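J.:
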Amino acid sequence: MTLAQSFKKACKRKGSDSIIVQSLIVLYIFLMVIMALLPLFMTFVFSLKTTQEFHGDEFWTFPKTPMFSNYSSAFFQALPNMLNSIVISLIITFAAVVLAVATSYVFARIKFPGTNVLFALLMSLMMVPMVLTMTPTYLTIINLGLKNNWLGLILPAVSGHQVGTILLFRTFLEQQPQELFESGRIDGASEFRMCFQIAFPLALPIIGLHSINIFSASYNDYIWGLLLIETQEISPLMPVLKQLVGRAVEASGQLGVEYALYLMAGAPLVITTMVGLKYSIGGDMSAGIKM
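Here it is in structure tokens:
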């Protein structure tokens, strides 16, 4: 019997045993939440300290006079490169999702000779580790003259997200009622219209969740920005974060700026996660049948 089954069986008991087990589960979840939030809380506390408070016995204490000016110093240092990362990540996410939805619709709803073979060949790319394709991809980008160019970051990222996204969306679309698409054909809707007026709204919950993953992966990407972008002004945030930290600390003279910059660097991920979850909770099927 697994641990989950044991918990389930124990929770079904009446009396004190069930209360004890449920209390232990709540306590365990509470401790996990505390452990997850503690590093963020400590980073926030450190971001408000003065340089003097990082030394001696004051290191683990709350700041006597919170230095909110650390955030203004960090903001002006990180803003240009943070905007670069946000724009690049949004372009990658939008392009990857739109292309994957269209391709998934073809594989799920349009049958032609060799559909399964072509899909199997596409899925076989999942067995190729990314590290094996880095050198050919890098050389291709260099030969295309896309080094030190945003396209050199965007095109490989969009391509790299296609296989897994197509598999996910195709599986979802195959499970949707065929009657929805048949009614669209009867009303004279084209395949393009059914893809983006029926399939796309139906897939909004899963699109929202997967868009969070694509955006997070693109925003956190370090290696491609380091390899391809030579100019700091057009660089995404992650490859130059350490340089910005050193520059911000040197300019302000406060070590707390370093922690403020780390928190600000993660703020776009928090915002996009909240927005993505908003669109991923529940699917509006009526949007798919209003033609």
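Just so you know, the sequence shown maps onto residues 1 to 291 in full-length UniProt numbering. Glycine is no exception: its CB is placed at the ideal position from the N, C-alpha and C atoms. Since we're looking at a predicted model, the values are computed, not measured.
1) Considering only their Cβ atoms, is the gap separating A248 from Q74 smaller than 8 Å?
2) Can at least three beta-carbon pairs, one atom from the segment 74-83 and one from the segment 258-275, be found at a separation below 8 Å?
3) What are the start and end residues of the alpha helix (DSSP H) that includes N81?
4) Determine the direct distance from the alpha carbon of V21 to that of I29, and round the result to whole angstroms.
5) If you drop the 5 nearest sequence neighbours on each side, which residues of the same chain put their C-beta closer than 7 Å to that of K147?
6) Would you grab the beta carbon distance between A157 and S218 for me? Rounded to a whole angstrom, and I think it's under 8 Å.
7) On the three-state DSSP scale, how would you describe Q176?
8) Span of the alpha helix (DSSP H) holding M127?
9) Is it a yes or a no for the segment 209-226 touching the segment 158-168, going by three-plus beta-carbon pairs under 8 Å?
10) Taking the Cβ atom as the reference point for each residue, do T50 and G256 lie within a distance shorter than 8 Å?
11) Is it right to say N143 is buried, meaning 16 or more other beta carbons lie within 10 angstroms of its own, or is it exposed?
12) Using 10 angstroms around the beta-carbon of S252, count the other beta-carbons present and answer buried if the total reaches 16, otherwise exposed.
13) Please look up how many angstroms separate the CB atoms of Q254 and N81, rounded, as I've assumed it's under 8 Å.
14) Roughly how many angstroms separate the alpha carbons of G283 and Q175, rounded to a whole number?
15) Is the segment 164-183 touching the segment 100-113, taking contact as three or more C-beta pairs under 8 Å?
16) Measuring only the C-alpha atoms, how far is E53 from F59?
17) Go ahead and label G152 buried or exposed: buried means 16 or more other beta carbons lie within 10 angstroms of its beta carbon, across all protein chains shown.
T.: Based on what the coordinates show:
1) The residue you call residue 74 lines up with position 74 of the sequence shown. The residue you call residue 248 lines up with position 248 of the sequence shown. This sequence places Ala at residue 74; Gln is not what is there. In this structure, A248 lies closer than 8 Å to A74 by Cβ.
2) Taking one beta carbon from each stretch, the segment 74-83 and the segment 258-275 have 3 or more pairs nearer than 8 Å; the two touch.
3) Locating residue 81 in the sequence shown gives position 81, where the first residue counts as 1. Where N81 is concerned, the enclosing alpha helix (DSSP H) stretches over S69 to R109.
4) Walking along the sequence shown from the start, residue 29 turns up at place 29. Walking along the sequence shown from the start, residue 21 turns up at place 21. Distance between the alpha carbons of I29 and V21 is about 12 Å.
5) To locate residue 147, count along the sequence shown from 1; it is residue 147. Within the same chain, K147 has close Cβ partners I141 and L228.
6) Here residue 157 is taken as the residue at index 157 of the sequence shown, counted from 1. Here residue 218 is taken as the residue at index 218 of the sequence shown, counted from 1. Rounded, the Cβ-Cβ distance is 6 Å, consistent with contact.
7) As a first step, residue 176 is located in the sequence shown; it is residue number 176 there, counting from the start. DSSP places Q176 in coil when its eight states are reduced to three.
8) Taking the first residue of the sequence shown as position 1, residue 127 is located at position 127. Counting along the chain, M127 falls outside any alpha helix (DSSP H), and DSSP gives it neither H nor E.
9) yes
10) Position 50 of the sequence shown holds residue 50. Position 256 of the sequence shown holds residue 256. Cβ distance < 8 Å, so T50 and G256 count as in contact.
11) On the sequence shown, residue 143 is found 143 positions in, with the first residue counted as 1. N143 should be labelled exposed.
12) Taking the first residue of the sequence shown as 1, we reach residue 252 at position 252. That one is buried.
13) In the sequence shown, counting from the first residue as 1, residue 254 sits at position 254. In the sequence shown, counting from the first residue as 1, residue 81 sits at position 81. Between N81 and Q254 the Cβ distance is about 20 Å, and since that is not below 8 Å, they are no contact.
14) Position 283 of the sequence shown, counted from the first residue, corresponds to residue 283. Position 175 of the sequence shown, counted from the first residue, corresponds to residue 175. Interpretation of G283 is limited by its pLDDT of 44, a score under 50 that renders its predicted location unreliable; the figure taken from the coordinates is listed afterwards. Going by the C-alpha atoms only, they are around 14 Å apart.
15) yes
16) As a working mapping, residue 53 is identified with position 53 in the sequence shown. As a working mapping, residue 59 is identified with position 59 in the sequence shown. Linking E53 to F59 through their CA atoms gives a straight-line distance of about 6 Å.
17) In the sequence shown, the residue the question calls residue 152 occupies position 152. Counting Cβ neighbours within 10 Å, G152 comes out buried, since at least 16 surround it.
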